[in-house]
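For reference, the structure is listed below as structure tokens.
In UniProt numbering, the protein residues as written are 1 to 1197.
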């Protein structure tokens, strides 16, 4: 077995809603560095939104406060404030909440929560009520009004909680402060510091100085009417009845924010923000009158209005919102907070935020930050610990309405396991790791892949596993895939490989100018806006080429080629003297220049570069200079470069220093540089260059990725839907004469069976046909499987509106039917066993003609003896229930993602038939375009006529070719665009101008219906997997109605290859039986399928007989294609597509025989499982062979 993969940069959708901003929020981490996001909703509820693996969305939200109403005799509870703190050494965390209930505020605490919680379940909170008992009062007798709560879980002191309450409830002015000793008496202890605190004018944070024995609280703001910063221990340890000694810390004028960071010893460094920048009070320098030490200066950090600091392991991080609203951060080695040279150069990641919360990974030190950005959006940013690339995404929760949908950009990778004959293998175990930690959806279930812990998965019924990696840029994380139980090496999968190939093709500005992109409606335009001059275009193309060339020398798995750039940027003292320093190229940006001159590219040998960039420090670098000052992580560099704050950027320069490529830029007067050591850095650079010529992510996806062409898809859907509906209607209208026609056909069949065994055989095995499968035919691409995967993922949330009641009694007919098929059960078991052992198990070495000979010998007697009688009973059932069956396909269905998208693009509500046809039209249209080079049904009058034809006869009139042209000119030689005016690009085909519109339409139908027939195998096996799983749990049970009715609709569509034969020219009188049998049995099979979705399908007798009824209908559908190939061979007009199509048709018949029988023989479990597995193989082969037949037919083979 071997692994094949295909990846596309494309849109993905989830049935979800985006979490909006909250009044207040904070975040902690689990042991696996997933997030628990706490927020206070506008509805007065404290929520915990946890990142959860093995979940459809990846996030669950729990209401943590409403359940407290049980503590107050069911009175409503409103959460008004909360605080959470996580120990940076143990990971244990504490949570405190203030709620209002019964006219008073109440305090609840949850302490010592374990961060090593189950990654697949939401957090469980055990609340302890802390009734107010301060000032000598009896618990719960005094009403209080809580102003704020504070909590700290530190490595030294453990859990600390302090609470501010209004001194006079309802006045909202002076505050009293208490520290909480849970389990003591009293629990509320007054903080005895003799200062007046004014509500709404102070900022507080907990901490502990290095020599103190208890924690304390920093208070900044209006204190006793003056702006002060005071630290006070929680209590006086030595004289508990006396106030603790405060320390008034000296702050510069204009100080605007503060935050403390607790180190591994439990001691706190206090950071403050001032107009000059950031300053720190180390934990050892916080005595009375102490002054701060400036650690970071500059406009990017000065005047910060909010700060948050955190020390984890060896790293201290400070994040803040600067005076312009930008979110910045900087880091330094823990213990060196007061050393300005130890700090990384600050970077701004988001240009404007309202508020934020972050953590640094306890194991990786990488950052995750949640931010309320401008407007009403909450985002999560997390930094790849290997590459330093930043990922941005929204937080999603499961949708509740069918129209709830979140769309995002993704790299979607479809992994397929195939055997030596290129046949997909279902139920194969594999393990997957990622080069760096990355959240993904594997088969639509959320997981976090990482480099060290392989996760196990199994291929589905179609032999595949699909991974969706959300991305907001060109960059992506690579995977390593290993088949379980094999010695084969892991297969490296780079989701960006296809994108990178296209980027590397850009060598000149002309290459860039030649690129056109299409939107989802098919409207095309140049990639480059008209406003971009040739000079700017050429400069951008040269820069893209240079970056692409650098990328070719980097590790293909995306890891840094010279050691982690993260480690380099975090180094305490990265003093590295360069022995060589060479200018590679520069891209100068001048926004004020005259139109067309904004970009200038300077190659390595350009004499103008020194003059042009002489005012930039980077131009003065020479041998012997240090390259460490201003060094930042490359992910930080390009994240910042994309912000509006760097609008003054004048030059981006790449230099080769000691054999390593560095990129330089001066931002706000500071020289920044980063190491270009990984592929994500290269694609970030390329993406930034595109932005300079007004090409943004949506245009790049349209060019480098894939957009579904919905107008083409909807037209295919509309044509095929009408063909099916008109055929079903035609079949029902012909019920009155069906019995006589089928009887005559069976009489002719008996005369032909023996004559078919001596047909000539070209000798090409099925294994040869499958082994020559084109990997680029579109069948394995993620986009072709989009609709099928969305249907599978969202079916359980679909709702169906259907009246399936049937009037009248069918008991006598059903009893006769049961008696008829019961007598044949043993023969049927023998027959399916022979089909499995003599054909399916040996398929790769058999030719289609050999299968003909074997199948005649296996099924001939049973077919002639019983099939006709069973079919007559089916006719009796259909006559008895009338036209109720015709309404089944029109039943409205609401299914997430698909229904709203169909409504948007087709401007219509979705029915069962719409759903089934739509999810097949997507891959069929894609594969048709690859095979033929154009859309199957262009937007013109001919297509409109096909969509609006009001009878099957009207369709036949449009699509039936002239008999002469059909027999003398192969349809593959008709160039579609020349006849029906297709304006989309196509692959030129030899033109046969004598062939009219009918011939072209017939050719289109002949190709597209084979694609449809192939794809019905994908859907059919998914439905059958669900049915079989339910059956194994409870024999005789059925899955939800939406599954069975969509399965029925898919079975109807599976008849399309047979339906299109009705468009063929009139056949000879000798072959009339073949046409009658094919047409009649196909129609009856469709109607019988629909009968099963009426109330008749719930009848116990019908359920017992139905599997065997299906077997005989499928047996009756085997002879017509055999007769067709025999005639073609005798007339010397059989070609490869005929043989392959015949083999695909056989596999379809075998699949539809095996599946129902596998669930009707509970007394033989081994055979039951064997038949189910055989049906799976047949479904896979059906898909491959019908796809091959369509492609061969398109190429006139």
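Just so you know, even glycine gets a beta-carbon here, dropped at the ideal spot from N, CA and C.
If you're wondering where the values come from, they're calculated on a predicted model, not measured in any experiment.
Cβ pair residue i, residue j closer than 7 Å
i, j, result
"residue 205", "residue 386", "no"
"residue 132", "residue 124", "no"
"residue 330", "residue 341", "no"
"residue 15", "residue 895", "no"
"residue 97", "residue 79", "yes"
"residue 455", "residue 432", "yes"
"residue 41", "residue 1176", "no"
"residue 457", "residue 445", "no"
"residue 926", "residue 784", "yes"
"residue 657", "residue 536", "no"
"residue 406", "residue 795", "no"
"residue 410", "residue 468", "yes"
"residue 1119", "residue 1156", "no"
"residue 1039", "residue 1162", "no"
Residues bridged to residue i [DSSP beta-bridge criterion]
i, result
"residue 14", "406"
"residue 161", "151, 180"
"residue 190", "178"
"residue 207", "216"
"residue 35", "29"
"residue 272", "258, 279"
"residue 82", "97"
"residue 1198", "Outside the shown range of the chain (1 to 1197) lies residue 1198, about which nothing can therefore be said."
"residue 332", "316"
"residue 9", "411"
"residue 819", "BP columns for residue 819 are empty, so no partner."
"residue 429", "458"
"residue 894", "799"
Reduced DSSP secondary structure (H/G/I, E/B, other) of residue i
i, result
"residue 696", "coil"
"residue 754", "helix"
"residue 378", "strand"
"residue 1042", "helix"
"residue 1080", "helix"
"residue 770", "helix"
"residue 601", "strand"
"residue 59", "strand"
"residue 222", "strand"
"residue 390", "strand"
"residue 789", "helix"
"residue 1120", "helix"
"residue 20", "coil"
"residue 115", "coil"
"residue 198", "strand"
"residue 396", "strand"
"residue 3", "strand"
Supposed contact pair residue j and residue i - C-beta distance, whole angstroms, cut 8 Å
i, j, result
"residue 642", "residue 421", "Actually they do not touch by this definition, with Cβ atoms about 48 Å apart."
"residue 393", "residue 6", "With a Cβ gap of about 24 Å, residue 393 and residue 6 do not count as contacting."
"residue 9", "residue 1020", "Between residue 1020 and residue 9 the Cβ distance is about 30 Å, and since that is not below 8 Å, they are no contact."
"residue 364", "residue 380", "With a Cβ gap of about 16 Å, residue 364 and residue 380 do not count as contacting."
"residue 714", "residue 912", "Not a contact, Cβ separation roughly 17 Å."
If you pair each beta-carbon of the stretch 1183-1190 with each one of the stretch 1139-1151, do three or more pairs fall below 8 Å?
yes
Say whether the stretch 475-483 touches the stretch 664-676, bearing in mind that this needs 3 or more beta-carbon pairs closer than 8 Å, one atom from each stretch.
no
Report yes or no: do three or more beta-carbon pairs, one from the stretch 754-770 and one from the stretch 1086-1096, lie closer than 8 Å?
no
Is there contact here, the stretch 142-152 with the stretch 104-114, by at least three beta-carbon pairs under 8 Å?
yes
When the Cβ atoms of the stretch 1161-1181 are set against those of the stretch 423-440, are three or more pairs found closer than 8 Å?
yes
On the three-pair Cβ rule with 8 Å, is the stretch 1108-1117 touching the stretch 868-880?
yes
Any 3 or more C-beta pairs closer than 8 Å across the stretch 1054-1061 and the stretch 1070-1087:
yes
Count Cβ pairs between the stretch 250-269 and the stretch 205-219 that sit closer than 8 Å; are there 3 or more?
yes
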